[in-house]
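A.B. asks: Here it is, the structure in full.
There are 2 protein chains.
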Amino acid sequence: MQETKKSELPVLAIDLGGTKILTAIISNKGQVKAKERCLTLADEGPEVVINRILSAIDRLLSQGNINLSQLDSISIGAAGAIDFDRGLVTSSPHLPGWHDIPLRDIVKEKYRVNIFLINEANAAALGEHHLGAGQGVNNLILLTVGTGIGGGIIINGRLYSGVSGSAGEIGHMTIDVNGPRCDCGKTGCLEALVSGTAVAKEAIKRIRQGERSSLTEIVEGKIENITAEEVSIAAQGGDSLASEVILKAATYLGVGLANAVNIFNPEMIIISGGMAKMGDLLLNPARQVVKERAFQLSAQAVRIVPAQLGDDAGVLGAAVFAFQQEVD
Amino acid sequence: MQETKKSELPVLAIDLGGTKILTAIISNKGQVKAKERCLTLADEGPEVVINRILSAIDRLLSQGNINLSQLDSISIGAAGAIDFDRGLVTSSPHLPGWHDIPLRDIVKEKYRVNIFLINEANAAALGEHHLGAGQGVNNLILLTVGTGIGGGIIINGRLYSGVSGSAGEIGHMTIDVNGPRCDCGKTGCLEALVSGTAVAKEAIKRIRQGERSSLTEIVEGKIENITAEEVSIAAQGGDSLASEVILKAATYLGVGLANAVNIFNPEMIIISGGMAKMGDLLLNPARQVVKERAFQLSAQAVRIVPAQLGDDAGVLGAAVFAFQQEVD
């Protein structure tokens, strides 16, 4: 009986976000064989979150009746800045307390298989490029627009990750230097103006200032519970405050995308993440701004499209990353 | 007697800027064999400028006693947006009237040798990468900070020019969406805040508003004659208005560089162009802002350095580009 080749084994992929941890077994054909999700509970700090990751891995292995020798590797996409060489999550606006956490070695210590650690949005870019909206597109930018804004860059068909693995932080591009403070500490980042958090904050602020909106009823008067999702629902129902808030975010998104278009002259920009679910409500005004602000040739060359893989982009991309590496 | 191989012949390289046209014969070892410069006279429109380019080529060939069969090619770096496939200068804030000008074919028609046309700042990036400050550096960004701001991107040791040859317009990255209008038509571009033109404008504005400065004497009362060069001289002489104007530009430059650092995580950023002659007066405050605004890992990884090739970067880079191409 022939042994299965190492490279034909599946990857256990993890998407560590600020809100949820998604864990999946992914075949070398990019199929999701098993999947589970749990809350990150990021506010409880790194130790709790790490234990939740390890428990999620254990559950998935035991549910699928898989032992470690049947895995190619474990690959983690994490919502933070990654020191690729040392396998650290160096910092994260969405994972409080995470500073130089050696996540790769912690997971390696327990499971003794190959471990890969990349940035979550970089993983999503790889996922969409290999299996989603960006298939066959050699030069593309992906933005995950959710709680925060992450980015991934595909150049000449490969993930571009920079000299220390930190490239792609397009969400922390300053577009309004006198603008609101961002969770990263700077002012006027794309993230501070366009993320789901920014949209919710803006709606809450305006309602607290006395403006009327159907959002107040949607959240039964608990204004602080408004999220970008409710703003989207209210806008689709014709609420003018909600529509204005989304238009404002979409306009800023367009300014950021125009910058990316001028800098990269990419074939495609893919928008993923929670806010991408708004579809053309968000993307059409942004496309219009790109048309107005970017150089004509580059503006004409780019397609701005929603992601296709939904929440699975991160785990699929983390698996793609693992399969691409030279494994001993 | 053996014939000289085509690839060993020199390139006639041209740097078409908004102010001057530089023409040079460059050997395949990157040596400048002959060189001449003339004014662009951009305000007189494309026809005049094109005739000046053709005359400059003729003069250089005749002075060097070179005939066309002794050239590998003619390679032009132009200060504008380039449609690489069609060999057009599609537009340029610094060359009034240039819209879809088929510069490649115009030059080809007259000289019947291989003609290459790329963006001037892209050429400068290639030049500095192969022969200047960026030798041996695989991932770098170059910014030419002069009358305008151009950019060039080297990724994995190669010029990255995007899907239609227009990548690298870092000067037209919006960093202050409510900021001053740029020559490109948008607001708050890096160019509108940091270029030599912006620096001169700011100094002139403040003096016209009644502020005192040694600049007034330097230009003998002709305030409108102030250029960035005089502002630099005045600042070095201790003039406080001039120092403040440069510090403001350097701070904005730092915001733009921090964006580039977060996006590209490059090993090096090279600053070339007229403003680069200010040296640490401009670069030190910019470096400080990068340290404060960019992600730590990326900020630590990048060296921000002045260019080494001076005014020759464009012609040298245009020649490097020609030598890199597959020539029939």
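Chains A and B are the protein sequences, given in the same order.
The opening residue of the first sequence carries number 4 in the working numbering; numbering runs sequentially from there.
The opening residue of the second sequence carries number 4 in the working numbering; numbering runs sequentially from there.
Note that beta-carbon positions come from the ideal geometry of N, C-alpha and C, so glycine has one too.
#1: Buried or exposed for LYS189 of chain A, please, with buried defined as at least 16 other CB atoms from any protein chain shown within 10 angstroms of its CB.
#2: Express the C-alpha separation of ASN287 of chain A and LEU91 of chain A in angstroms, rounding to a whole number.
#3: On the CB-based measure, 16 or more other CB atoms within 10 Å of its CB, does LEU143 of chain A come out buried or exposed?
#4: How is VAL222 of chain A classed by DSSP in three states: helix, strand or coil?
#5: Output, in chain order, the set of chain A residues within a Cβ distance shorter than 9 Å of ASN70 of chain B.
#6: Output yes if chain B places a C-beta closer than 9 Å to the C-beta of ILE178 of chain A; else output no.
#7: Note down, in chain order, each residue of its chain lying with its Cβ closer than 7 Å to the Cβ of VAL258 of chain A, except the 5 sequence neighbours on either side.
#8: Is there contact here, the segment 225-244 of chain B with the segment 208-217 of chain B, by at least three beta-carbon pairs under 8 Å?
#9: From what residue to what residue does the alpha helix (DSSP H) around SER275 of chain B run?
#10: Given 8 Å as the limit, is there contact between the segment 164-172 of chain A and the segment 300-312 of chain A, that is, 3 or more CB pairs closer than that?
#11: Compute the distance between the beta-carbons of VAL305 of chain A and MET271 of chain A, then report whether it is under 9 Å.
#12: Identify the contact partners of PHE267 of chain B in chain A, using a Cβ-Cβ distance below 7 Å as the criterion.
#13: In whole angstroms, what separates the C-alpha of VAL51 of chain A from that of LEU120 of chain A?
#14: Can you grab the Cα-Cα spacing for the pair VAL18 of chain A / LEU145 of chain A, in whole Å?
#15: So which of A:PHE326, A:ALA322, A:THR93, A:GLU131 has the shortest CA-CA distance to ILE79 of chain A?
#16: Using beta carbons (cut-off 9 Å, strictly below), is PHE298 of chain B in contact with chain A?
#17: Report yes or no: do three or more beta-carbon pairs, one from the segment 43-50 of chain A and one from the segment 65-73 of chain A, lie closer than 8 Å?
#18: Does the distance from the CB of ILE210 of chain B to the CB of ILE236 of chain B come in under 9 Å?
#19: Note down, in chain order, each residue of its chain lying with its Cβ closer than 6 Å to the Cβ of ALA84 of chain A, except the 5 sequence neighbours on either side.
#20: Our contact map puts LEU134 of chain A next to LEU312 of chain A with C-beta atoms below 8 Å; I'd like the distance itself, whole angstroms only.
#21: If contact means a Cβ-Cβ distance below 8 Å, which residues of the segment 227-258 of chain B contact chain A?
#22: Pull up the distance between the alpha-carbon of PRO96 of chain B and that of CYS187 of chain B, whole angstroms please.
#23: Which of helix, strand or coil does DSSP assign to ILE229 of chain A?
#24: Apply the 10 Å Cβ neighbour rule to GLY182 of chain B and answer buried if 16 or more other Cβ atoms are within range, or exposed otherwise.
#25: Taking the alpha-carbon positions, what's the THR219 of chain B to ALA261 of chain A distance?
#26: For VAL92 of chain B, which beta-bridge partners are listed by DSSP?
#27: Examine chain A for any beta-carbon lying closer than 9 Å to the beta-carbon of HIS2 of chain B, and answer yes or no.
#28: What three-state label does DSSP hand GLU39 of chain B in the structure shown?
C.D. replies: Let's see:
#1: Against the first sequence, residue 189 of chain A aligns to sequence position 186. By the neighbour-count rule (16 or more Cβ atoms within 10 Å), LYS189 of chain A is buried.
#2: Along the first sequence, one-based indexing puts residue 91 of chain A at 88. Along the first sequence, one-based indexing puts residue 287 of chain A at 284. LEU91 of chain A and ASN287 of chain A: Cα-Cα distance of roughly 38 Å.
#3: Taking the first sequence and counting its residues from 1, one reaches residue 143 of chain A at position 140. With 16 or more Cβ atoms within 10 Å of its Cβ, LEU143 of chain A is classed as buried.
#4: Position 219 of the first sequence, counting from 1, holds the residue named residue 222 of chain A. Coil, per DSSP.
#5: As a working mapping, residue 70 of chain B is identified with position 67 in the second sequence. Near ASN70 of chain B there are no residues of chain A at all, since even the closest Cβ is about 36 Å away, more than 9 Å.
#6: Here residue 178 of chain A refers to the residue found at position 175 when the first sequence is read from its first residue. By this cut-off, ILE178 of chain A is an interface position.
#7: Stepping through the first sequence from its first residue, residue 258 of chain A is reached at position 255. Cβ neighbours of VAL258 of chain A beyond the five flanking positions: ILE178, VAL292, ARG296.
#8: yes
#9: Here the question's residue 275 of chain B lines up with position 272 in the second sequence. Not the alpha helix (DSSP H): SER275 of chain B falls in the beta strand (DSSP E), residues 271-275.
#10: no
#11: Taking the first residue of the first sequence as 1, we reach residue 305 of chain A at position 302. Taking the first residue of the first sequence as 1, we reach residue 271 of chain A at position 268. Contact: yes.
#12: Mapped onto the second sequence, residue 267 of chain B falls at position 264. Chain A residues near PHE267 of chain B: GLY165, ALA170.
#13: Numbered from 1 along the first sequence, position 48 holds the residue referred to as residue 51 of chain A. Numbered from 1 along the first sequence, position 117 holds the residue referred to as residue 120 of chain A. Spanning the two alpha carbons is a distance of roughly 19 Å.
#14: Against the first sequence, residue 18 of chain A aligns to sequence position 15. Against the first sequence, residue 145 of chain A aligns to sequence position 142. A quick correction: the sequence has Asp, not Val, at residue 18 of chain A. Going from the Cα of ASP18 of chain A to the Cα of LEU145 of chain A covers about 16 Å.
#15: On the first sequence, position 76 is the one that residue 79 of chain A refers to. Minimum Cα distance to ILE79 of chain A is reached at A:ALA322.
#16: Residue mapping note: residue 298 of chain B aligns to position 295 of the second sequence, counting from 1. It does: the Cβ of PHE298 of chain B has a partner Cβ on chain A nearer than 9 Å.
#17: no
#18: For the purposes of this step, residue 210 of chain B is taken as residue 207 along the second sequence, with counting starting at 1. For the purposes of this step, residue 236 of chain B is taken as residue 233 along the second sequence, with counting starting at 1. The answer is no: Cβ separation not under 9 Å.
#19: Locating residue 84 of chain A in the first sequence gives position 81, where the first residue counts as 1. So the list reads THR93, SER94, SER169, once near-sequence residues are dropped.
#20: Taking the first sequence and counting its residues from 1, the one referred to as residue 134 of chain A is at position 131. Taking the first sequence and counting its residues from 1, the one referred to as residue 312 of chain A is at position 309. Going by Cβ atoms, the distance from LEU134 of chain A to LEU312 of chain A rounds to 6 Å, so yes, they are a contact pair.
#21: TYR255, VAL258
#22: Mapped onto the second sequence, residue 96 of chain B falls at position 93. Mapped onto the second sequence, residue 187 of chain B falls at position 184. Between PRO96 of chain B and CYS187 of chain B, the alpha-carbon positions lie close to 6 Å from each other.
#23: Here the question's residue 229 of chain A lines up with position 226 in the first sequence. ILE229 of chain A falls in the coil class under three-state DSSP.
#24: Stepping through the second sequence from its first residue, residue 182 of chain B is reached at position 179. Label assigned to GLY182 of chain B: buried.
#25: Start at 1 with the first residue of the second sequence, and residue 219 of chain B comes out as number 216. Start at 1 with the first residue of the first sequence, and residue 261 of chain A comes out as number 258. Distance between THR219 of chain B and ALA261 of chain A, taken at the CA atoms: about 39 Å.
#26: Within the second sequence, numbered from 1, the residue matching residue 92 of chain B stands at position 89. Its beta-bridge partners are B:ILE85, B:ILE104.
#27: There is no way to answer for residue 2 of chain B, as the model of chain B reaches only from 4 to 331.
#28: Within the second sequence, residue 39 of chain B is the residue found at index 36, counting from 1. Strand.
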